[in-house]
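Student: Before I ask anything, let me first share the structure, which is written out below as structure tokens.
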Amino acid sequence: MSDITKSFSGKKALDQVNFNLERGEIHALLGENGAGKTTLMNVLFGLVSADEGKIVLKGQEVRITSPSEAIENGIGMVHQHFSLIPTLNVLENFILVNVKGRKIDIRAQEIREIANRLSLNINLGAKVSTLSAGERQRLEIIRMLYFGSDLIILDEPTSVLTPLETEGLFKELKELAKTKSIVFISHKLNEVKQISSRVSVLRKGKMVGTIPNDENATIEALVKMMIEKMPSVIQKEPVEGGSAGPLLVVNSIKIYGKKNERAIDFKPPIKELIIGRNEIVGLAGVAGNGQRELFNGVAGLERVHDGTITFDGRDITRLSIAARIHLGIGYVPEDRLTVGLAPDLSVKDNLILKDIDKGEYKNGFSLNDAKLRGRATELVKEFDIRTQSVDTPVRYLSGGNLQKVILAREISLQPKLLLAYEPTKGLDVGATAFIRNRLIEYSRNGSVLIFSEDLDELLDICDRIYIIYEGRLNGEVRRKDFDVYLIGKMMGGLVQNAN
Ligand SMILES: Nc1ncnc2c1ncn2[C@@H]1O[C@H](COP(=O)(O)OP(=O)(O)O)[C@@H](O)[C@H]1O
Ligand SMILES: [Mg+2]
1 MSDITKSFSG KKALDQVNFN LERGEIHALL GENGAGKTTL MNVLFGLVSA
51 DEGKIVLKGQ EVRITSPSEA IENGIGMVHQ HFSLIPTLNV LENFILVNVK
101 GRKIDIRAQE IREIANRLSL NINLGAKVST LSAGERQRLE IIRMLYFGSD
151 LIILDEPTSV LTPLETEGLF KELKELAKTK SIVFISHKLN EVKQISSRVS
201 VLRKGKMVGT IPNDENATIE ALVKMMIEKM PSVIQKEPVE GGSAGPLLVV
251 NSIKIYGKKN ERAIDFKPPI KELIIGRNEI VGLAGVAGNG QRELFNGVAG
301 LERVHDGTIT FDGRDITRLS IAARIHLGIG YVPEDRLTVG LAPDLSVKDN
351 LILKDIDKGE YKNGFSLNDA KLRGRATELV KEFDIRTQSV DTPVRYLSGG
401 NLQKVILARE ISLQPKLLLA YEPTKGLDVG ATAFIRNRLI EYSRNGSVLI
451 FSEDLDELLD ICDRIYIIYE GRLNGEVRRK DFDVYLIGKM MGGLVQNAN
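Using our numbering, you'd call the opening residue of the sequence shown number 1 and step up by one each time.
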């Protein structure tokens, strides 16, 4: 691909990008969220038409104007969000790929052979909705091979996988690379180091360079290529207790889960979760131990069946979500696009969503658009949200920028307590450091309850950590006593403490 340029609403997402892929290599395409990785590969796959530039495939210049043309040319792409139809079964999902001139006669035997060659199990009759993320991805890969792709693009394939599934995928890719060429899009440096033969780095729409993945391509060297300037990491000023009394006390609560089993059941020795003023309190635990229910319970999204939640001296156990927001509880939820944001609304509308009741933005019965626009523009700048404009629908933003939009909105409301559920999950190094710094800064005025599966993150920024295991608090550790092994054991239910 040479001199590829592409603008969206006047801003360059790709600026004269050169990229070459050799036969039989696994070529990593690395870059921060919003760098242009997906757009570049969408150009190759015929989903986005470039404004300038040319593509030479196997020695011949080609014009690819649609995915079906790409597939005819032997190019396949697995997107970050899968393109399978969950209500159909596996075999039916093969028929969906509509290649011009090819009759719809899907040869089940051939599919099985491809799967066997890769030692993958596949049940052609299974409904796609019953498959795990790893199995769906495998299915997409087999589907590409079936349609003859020998250039395979995987867009952030590991973001939906467990560590074990990632290991499996890497084995498959190494096998595949014996006969195919693979583009592996990622922002995760250790994965890129592990799997690729060469690495190309995009930064803000420009190709920084392509280097072999050898001993010179250290993590530090790759970070330097990826980001202009690594945000320096702010240190939290430690808080001990606090004189104004606790901000939040969650006492002896019970929350029933979906199937009426007890998702949360706080009982002695630790029956209270307490958050002091200006404290950052972490919740450590393996996913599925009740952390989601606890966060939703405090935010008012989940019914609390027993016990009390006291916030700023008031019993809020039965208050509505709106009343809790009004009292000063902000929420950065797990599911960014569906719970945290309205995907089809613009960046501006999402940023000011919770401000529109305020008098200062009203103009009689309508809204003062100029004022709201100004406010949104300020927030975009302050939170370094990479978007073409404030009018871009948020669903076009990359993960890190979606998270910044939610954080900007929630922090700008100046809540007393911010609930942050996996705030940096799936983000690149730059965005992660940025968000951690904002949380620490924010704690000068408010308090934070954060859940993260990344224990290092909690150790870095928290004053205290509670460990949750099977719906109860299994331990509480203060900063001066932080110890990875101890916390790890508590997360596994092996040790309990109550000091
Ligand atoms: N269809 C689109 N409309 C408007 N802007 C877009 C569209 N697709 C991508 N962008 C913008 O182009 C830039 C690059 O995005 P993308 O290629 O998705 O980055 P990456 O995959 O590296 O995270 C971002 O600023 C993104 O908001
Ligand atoms: Mg992308």
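Even for Gly, the Cβ is constructed at its ideal location relative to N, Cα and C. These numbers come from a predicted model, not from an experiment.
(1) Restricting to Cα atoms, I'd like to know which of 272, 95, 134 is closest to residue 143.
(2) Does residue 431 come within less than 8 Å of chain C when only Cβ atoms are used?
(3) Short of 6 Å in beta carbon distance, which residues of its chain neighbour residue 499, apart from the five on each side in sequence? Order them along the chain.
(4) CB of residue 388 to nearest heavy atom of ligand 1: below 7 Å?
(5) Using the beta-carbon of each residue, find all residues closer than 7 Å to any heavy atom of ligand 2 and list them in chain order.
(6) Taking Cβ to Cβ, would you say residue 277 is nearer than 8 Å to residue 299?
(7) Can you give the Cα-Cα distance for residue 109 and residue 210, rounded to whole angstroms?
(8) Between residue 426 and ligand 1, is the CB less than 7 Å from at least one heavy atom?
(9) Where does the unbroken beta strand (DSSP E) through residue 1 begin, and where does it stop?
(10) For residue 262, write down the residues that DSSP places opposite it in a beta bridge.
(11) Distance, Cα to Cα, residue 421 vs residue 452?
(12) Relative to the C-alpha of residue 115, which candidate in 261, 145, 134 has its C-alpha closest?
(13) In whole angstroms, what is the alpha-carbon distance linking residue 334 and residue 61?
(14) With 16 other CB atoms within 10 Å as the buried threshold, where does residue 494 fall?
(15) What does residue 300 pair with, by DSSP beta-bridge criteria?
(16) Take residue 425 as the anchor and find which of 160, 5, 20 has the nearest alpha-carbon.
(17) Tell me the residue span of the alpha helix (DSSP H) that contains residue 74.
(18) Do you know offhand how far residue 107's Cα is from residue 197's?
(19) Less than 8 Å between the beta carbons of residue 186 and residue 30, yes or no?
(20) Where does the unbroken alpha helix (DSSP H) through residue 399 begin, and where does it stop?
(21) Along the chain, where does the alpha helix (DSSP H) that runs through residue 38 open and close?
(22) Out of 26, 1, 89, point me to the one whose CA is closest to residue 64's CA.
(23) Flag residue 33 as yes when its Cβ comes closer than 7 Å to any non-hydrogen atom of ligand 1, and as no otherwise.
(24) Since I believe residue 401 is in contact with residue 34 (beta carbons under 8 Å), could you give me their beta-carbon distance rounded to a whole number of angstroms?
(25) If the criterion is Cβ atoms closer than 8 Å, does the pair residue 157 and residue 128 meet it?
(26) Ligand 1 heavy atoms versus the CB of residue 396: any closer than 7 Å?
(27) On the three-pair Cβ rule with 8 Å, is the region 373-382 touching the region 302-319?
(28) Is the distance from the Cβ of residue 427 to the Cβ of residue 403 below 8 Å?
(29) Assign residue 443 to one of three DSSP states: helix, strand, or coil.
(30) So is the beta-carbon of residue 376 under 7 Å away from any non-hydrogen atom of ligand 1?
(31) Pull the bridge partners of residue 143 from the DSSP assignment, please.
Tutor: Quick look at the numbers:
(1) 95
(2) Judged by its chain identifiers, the structure shown contains no chain C, having just a single protein chain.
(3) In this prediction, residue 499 scores a pLDDT of 49, lower than 50, which makes its location untrustworthy; the coordinate-derived value is nonetheless stated afterwards. None.
(4) yes
(5) 37, 38, 80, 155, 156, 185, 398
(6) no
(7) 40 Å
(8) no
(9) No beta strand (DSSP E) contains residue 1, which DSSP labels as neither H nor E.
(10) 256
(11) 7 Å
(12) 145
(13) 44 Å
(14) exposed
(15) According to DSSP, which records beta bridges pairwise, residue 300 is partnered with nothing at all.
(16) 160
(17) Counting along the chain, residue 74 falls outside any alpha helix (DSSP H), and DSSP gives it neither H nor E.
(18) 34 Å
(19) yes
(20) 399-412
(21) 37-44
(22) 1
(23) yes
(24) 6 Å
(25) no
(26) yes
(27) no
(28) yes
(29) coil
(30) no
(31) Residue 143 pairs with nothing; no bridge assigned.
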